[in-house]
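This report concerns only the one structure given below.
Numbering (my numbering), first residue to last: 7 to 259.
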């Protein structure tokens, strides 16, 4: 892997303070890590002081695009078009890298195993939301049929995979989950490293609002990507999953 060969893609919209947290964290990394990153910000024409934050980090961010988009997955696809790294890591505004985890990820990418995707654990930043685990470990296995066991903030994927199969912009919440199912359908493999945290994730992510709209979108998304008994079981599973989340959320309040 060449220097600055891991693209860090950050979609943002009217979240200047959170974006500042993320960019400050990357700017604080040791030079031997920071200098290997290609940082791209894809902003949806924010009306707050996002552009001021970006100007303050002009020496860190290689590419900025700020124009209206059609949601977070449209922003991700636009940012992907500016990526130069052989691999891409998508993080959100407010998320921060784990220094040791990033060092380990870069070491893996320089090894002979760099042709595939790799996934590490992510940890939730406080305050911990009801129904959200403190640590999320990746699992590229049968469980992916039933729930998203791959957290995009812990995933480093070949840019070629993302270019061949961009995020589905018809989805509002689960475009990253849809992409995991598509990769699995194609026979791709993601190597998992659950022992190491790569990213510490800010609260209030889109997929952490466990409402009816989330599960309706999951059903619509899976109808296009699953077949046979795995698909037929989904309506019953989604109702049970929704009910469990409601009970666990109430219990933790």
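Backbone N, C-alpha and C define an ideal beta-carbon position, used for all residues, glycine too. Since this is a predicted model, take the numbers as computed values, not measurements.
Reference residue 89; option with closest CA among 60, 174, 16, 183: For this step, residue 89 is matched to residue 83 along the chain shown. Looking at the Cα atoms, 16 is the closest of the given residues.
Proximity of residue 144 and residue 163 at Cβ, strictly below 7 Å: By 1-based counting over the chain shown, the position of residue 144 is 138. By 1-based counting over the chain shown, the position of residue 163 is 157. No, they are not a contact pair.
Per-residue DSSP class, three states only, for residue 30: Along the chain shown, read from residue 1 onward, the residue named residue 30 stands at position 24. Correct three-state label for residue 30: helix.
Spatial distance of residue 209 from residue 133 (CA atoms): Translated into the one-based positions of the chain shown, residue 209 becomes position 203. Translated into the one-based positions of the chain shown, residue 133 becomes position 127. Answer to the nearest angstrom: the Cα atoms are 7 Å apart.
Complete runs of the alpha helix (DSSP H) confined to the stretch 40–95 [at least 4 residues]: 56–62, 78–86
In DSSP terms, what residue 130 is bridged to: Position 124 of the chain shown, counted from the first residue, corresponds to residue 130. BP columns for residue 130 point to 207.
Helix, strand or coil at residue 194 [DSSP, three-state]: Taking the first residue of the chain shown as 1, we reach residue 194 at position 188. If DSSP states are grouped into helix, strand and coil, residue 194 belongs with coil.
Residue from 13, 55, 220 with nearest C-alpha to residue 179: On the chain shown, position 173 is the one that residue 179 refers to. The shortest Cα separation from residue 179 among 13, 55, 220 belongs to 220.
Backbone secondary structure at residue 229 - three-state DSSP: The residue labelled residue 229 in the question sits at position 223 within the chain shown. Three-state DSSP puts residue 229 in a helix.
Own chain residues within Cβ distance below 6 Å of residue 199, not counting five before or after: What you label residue 199 is simply residue 193 of the chain shown in a count that begins at 1. These residues qualify, in order along the chain: 126.
Below-7 Å beta-carbon distance, residue 136 vs any chain B residue: The chain labelled as chain B is not found in the depicted structure, where only one protein chain is given.
Contacting residues, own chain, Cβ-Cβ under 7 Å from residue 75 (five flanking each side not counted): Start at 1 with the first residue of the chain shown, and residue 75 comes out as number 69. Here the set comprises 50, 81, 84.
Residues near residue 223 in its chain [Cβ-Cβ closer than 7 Å; skip 5 each side]: Locating residue 223 in the chain shown gives position 217, where the first residue counts as 1. Closer than 7 Å at the Cβ level, and outside the excluded window around residue 223, lie 177, 178, 179, 180.
Per-residue burial, residue 116 [other beta carbons within 10 Å of its own, 16 or more giving buried]: Along the chain shown, one-based indexing puts residue 116 at 110. Result: exposed.
Given residue 184 as reference, the closest of 205, 229, 202 once Cα atoms are compared: Indexing the chain shown from 1 puts residue 184 at position 178. The option with the nearest alpha carbon to residue 184 is 229.
Rounded Cβ spacing between residue 45 and residue 60 (contact assumed at less than 8 Å): To locate residue 45, count along the chain shown from 1; it is residue 39. To locate residue 60, count along the chain shown from 1; it is residue 54. 10 Å between Cβ atoms; not a contact.
Residue 204 versus residue 128 - alpha carbon distance: The sequence position of residue 204 within the chain shown is 198, counting from 1. The sequence position of residue 128 within the chain shown is 122, counting from 1. Whole-angstrom Cα-Cα distance: 6 Å.
Assigned secondary structure, residue 38 (DSSP; H/G/I helix, E/B strand, else coil): Along the chain shown, read from residue 1 onward, the residue named residue 38 stands at position 32. The answer is helix: DSSP assigns residue 38 an H, G or I state.
Beta strand (DSSP E) segments (min. 3 residues) lying fully within the stretch 150–191: 161–164
Residue closest to residue 105, alpha-carbon to alpha-carbon, out of 34, 55, 248, 20: Taking the chain shown and counting its residues from 1, one reaches residue 105 at position 99. The residue with the shortest Cα to Cα distance from residue 105 is 34.
Buried/exposed call for residue 191, threshold 16 Cβ in 10 Å: On the chain shown, residue 191 is found 185 positions in, with the first residue counted as 1. Burial call: exposed.
Cβ-Cβ separation, residue 182 to residue 91 (assumed contact under 8 Å), whole Å: Position 85 of the chain shown, counted from the first residue, corresponds to residue 91. Position 176 of the chain shown, counted from the first residue, corresponds to residue 182. Not a contact, Cβ separation roughly 18 Å.
Expected contact under 8 Å - CB spacing of residue 18 and residue 56 to nearest Å: Mapped onto the chain shown, residue 18 falls at position 12. Mapped onto the chain shown, residue 56 falls at position 50. With a Cβ gap of about 6 Å, residue 18 and residue 56 count as contacting.
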